[in-house]
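Colleague: Take a look at the following structure, please.
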Amino acid sequence: MTLISILYNDQIESVIVHKKDGMQKFKAGIIIDATGDGDVAALAGVPFYKGREKDGLMQPATVFVLLGGIDDKTEDVFLWKGNKNIISKMKQEVGNGNIPFPAGAVNIMPGKQKGTALLNMTSSINVDGTKSEDMTRAEFECREQIPPIINFLRKNAPGYEDCYVIRTSSTIGIRETRHLQGKDYITEQDLLKGRIFEDWVVTGVRYPFDIHSMSGIGQDESEPGEKVKTYTIPYGCFISEKVSNLLFTGRCISGSHMAHSSFRMMPTCFAMGQATGTAAALCVKNNLLPTNMDVGLLQNVLLQQGVDKPNG
């Protein structure tokens, strides 16, 4: 899909989308960029940077795998992430080339049904999720890792002797691309302090820092040893000072690479969508632009919807 943002003064007048059946123009008074990559915002001229501040490296991409045939009566069948024997065997298999590098992390979660497990074990590094060529390469790399990973589990992991693939994610999963420049900017220090912003619109976030290695296997060494405290995300992270009728939401909001590793998670993105969707509706109802939103009004409506009021 190709996007073109048409600007008039400091507003997006329309977005042109290249669909299967041709080009179509969408006009709207308020635009929400929920692409994840900030595609609309970037095309409209909103400043951004990609990945880690010092070198632009982005978190690796992954294809998730749902397995069946798991004997979930086996002790610690989903908890052997810390099993030194399994981890050691996995490292050996990667080292001798039986499992393609950079796969090799041992990360398995229980599925929703009995006898199922969700694997977060494939990995493709040096991927820019805004480039089609990188997306295609990552897709091939991760899918080629799946058969040897399954064979390894059958041979080495108790409870996985008869496991099989039920399905995989429909496309490559991208963790990180653009970080848009908003009116405000949230950092890892805000998370470590558990900061309650005056213009909060997302509350109760407490997921830890989660940076997958950008050059190897497992977690990245740059992760802080300190724990995240429950924090909020301010409205200013969702708006641009350059484009007055634009809201952006999801993992591309205005924040640091390290903070992003926490707020990029799906439940937090759900809350972001609620906040920006509500803001857009209030803008239309009250003839406002996102850049001059009455944040107090927005907060009251979010509370009425059941959003938890932050303590502090």
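Just so you know, we're using the working numbering here: the sequence shown kicks off at 741 and counts up by one.
Each residue gets a CB set at the ideal place from its N, CA and C atoms; glycine is no exception.
All of these numbers come straight from a predicted model, not from anything done at the bench.
In the stretch 911-945, which residue ranges form an unbroken beta strand (DSSP E) of at least 3 residues, counting only runs that do not cross its ends?
Modeller: As far as the stretch 911-945 is concerned, its whole beta strand (DSSP E) runs of at least 3 residues are 918-920, 940-945.
Colleague: So Pro888 is in the alpha helix (DSSP H); what residue range does that whole segment cover?
Modeller: That run of the alpha helix (DSSP H) goes 872-896.
Colleague: What does DSSP give as the partner residues of Gly808 in its beta bridges?
Modeller: In DSSP, Gly808 forms a bridge with Tyr904.
Colleague: In chain order, which continuous runs of the beta strand (DSSP E) of length 3 or greater are located wholly inside the stretch 943-979?
Modeller: As far as the stretch 943-979 is concerned, its whole beta strand (DSSP E) runs of at least 3 residues are 971-974.
Colleague: DSSP three-state call for Phe1010: helix, strand or coil?
Modeller: In this structure, Phe1010 counts as helix in the three-state DSSP scheme.
Colleague: Could you pull out every residue in the same chain whose Cβ sits closer than 6 Å to the Cβ of Lys794, ignoring the five residues on either side in sequence?
Modeller: Excluding positions up to five away in sequence, the list is empty.
Colleague: From which residue to which residue does the alpha helix (DSSP H) around Met830 run?
Modeller: Met830 -> alpha helix (DSSP H) spans 824-835.
Colleague: Do you know offhand how far Gly990's Cα is from Asn860's?
Modeller: Each residue's Cα considered, the two are about 21 Å apart.
Colleague: Using 8 Å as the cut-off, can you tell me whether the stretch 899-908 makes contact with the stretch 949-969, which would need three or more C-beta pairs spanning the two stretches below that distance?
Modeller: No: fewer than three Cβ pairs fall under 8 Å.
Colleague: Thinking C-beta only, is Thr876 closer than 9 Å to Phe804?
Modeller: Result no, Cβ atoms of Phe804 and Thr876 do not sit closer than 9 Å.
Colleague: What separation, rounded to the nearest whole angstrom, lies between the Cα atoms of Ala782 and Pro840?
Modeller: Those two C-alpha atoms are separated by around 35 Å.
Colleague: Measure the CB-CB distance between Gln764 and Asn985 and report whether it falls below 9 Å.
Modeller: For Gln764 and Asn985, no; Cβs fall outside 9 Å.
Colleague: Tell me which same chain residues have a C-beta within less than 8 Å of the C-beta of Leu1038, skipping the five on either side of it?
Modeller: These residues qualify, in order along the chain: Val941, Tyr975, Ala1015, Thr1018, Ala1019, Leu1022.
Colleague: Which two residues bound the contiguous beta strand (DSSP E) that contains Leu783?
Modeller: Run containing Leu783: none in the beta strand (DSSP E); it sits in the alpha helix (DSSP H), 779-783.
Colleague: Sorted by chain position, which residues of the same chain lie with C-beta nearer than 6 Å to Asp1057's C-beta, five sequence neighbours on each side aside?
Modeller: Given a span of 741 to 1052 for the chain in the structure shown, any question on residue 1057 remains unanswerable.
Colleague: For the putative contact between Leu920 and Ser994, defined by C-beta atoms under 8 Å, what is the C-beta separation to the nearest angstrom?
Modeller: Going by Cβ atoms, the distance from Leu920 to Ser994 rounds to 6 Å, so yes, they are a contact pair.
Colleague: Residue range of the alpha helix (DSSP H) that Gln853 falls in?
Modeller: Looking at the DSSP string, Gln853 is not in any alpha helix (DSSP H), and its letter there is neither H nor E.
Colleague: Return the Cβ separation of Leu807 and Ala857 in integer angstroms, given the expectation that the two are a contact with Cβ distance under 8 Å.
Modeller: At roughly 5 Å, the Cβ-Cβ gap stays under 8 Å, so Leu807 and Ala857 are in contact.
Colleague: If we ignore side chains and look at the alpha-carbon of each, how far apart do Ser828 and Val846 end up?
Modeller: Using only the alpha carbons, I get a separation of about 10 Å.
Colleague: Quick one: what's got a C-beta closer than 7 Å to Glu963's C-beta in the same chain, skipping five residues either side?
Modeller: These residues qualify, in order along the chain: Phe949, Ile951.
Colleague: Indicate whether Thr775 and Arg915 have their beta-carbon atoms separated by less than 9 Å.
Modeller: Against a cut-off of 9 Å, the Cβ pair of Arg915 and Thr775 comes out as no contact.
Colleague: When we look at the beta-carbon of Tyr789 and count the other beta-carbons within 10 Å, is it buried (16 or more) or exposed?
Modeller: Exposed, by the Cβ-count rule.
Colleague: So which of Cys977, Val983, Gly1013 has the shortest CA-CA distance to His1000?
Modeller: The candidate whose alpha carbon is nearest that of His1000 is Cys977.
Colleague: Report back the beta-carbon spacing between Thr917 and Asp773 to the nearest angstrom; my notes put them in contact at under 8 Å.
Modeller: Incorrect: roughly 13 Å between the Cβ atoms, too far for contact.
Colleague: Please name the residue or residues paired with Asp773 in a DSSP beta bridge.
Modeller: According to DSSP, which records beta bridges pairwise, Asp773 is partnered with Phe988.
Colleague: Identify the continuous alpha helix (DSSP H) that holds Gly762 and give its terminal residues.
Modeller: Counting along the chain, Gly762 falls outside any alpha helix (DSSP H), though it belongs to the beta strand (DSSP E) covering 762-767.
Colleague: Let me know the secondary structure DSSP gives Lys759 once reduced to three states.
Modeller: It is a strand residue.
Colleague: Can you tell me the Cα-Cα spacing of Asp960 and Glu938, whole angstroms?
Modeller: One C-alpha to the other measures close to 32 Å.
Colleague: Taking the alpha-carbon positions, what's the Asp1034 to Ile906 distance?
Modeller: Each residue's Cα considered, the two are about 48 Å apart.
Colleague: Between the alpha carbons of Ile771 and Ala878, how many angstroms are there, rounded?
Modeller: One C-alpha to the other measures close to 30 Å.
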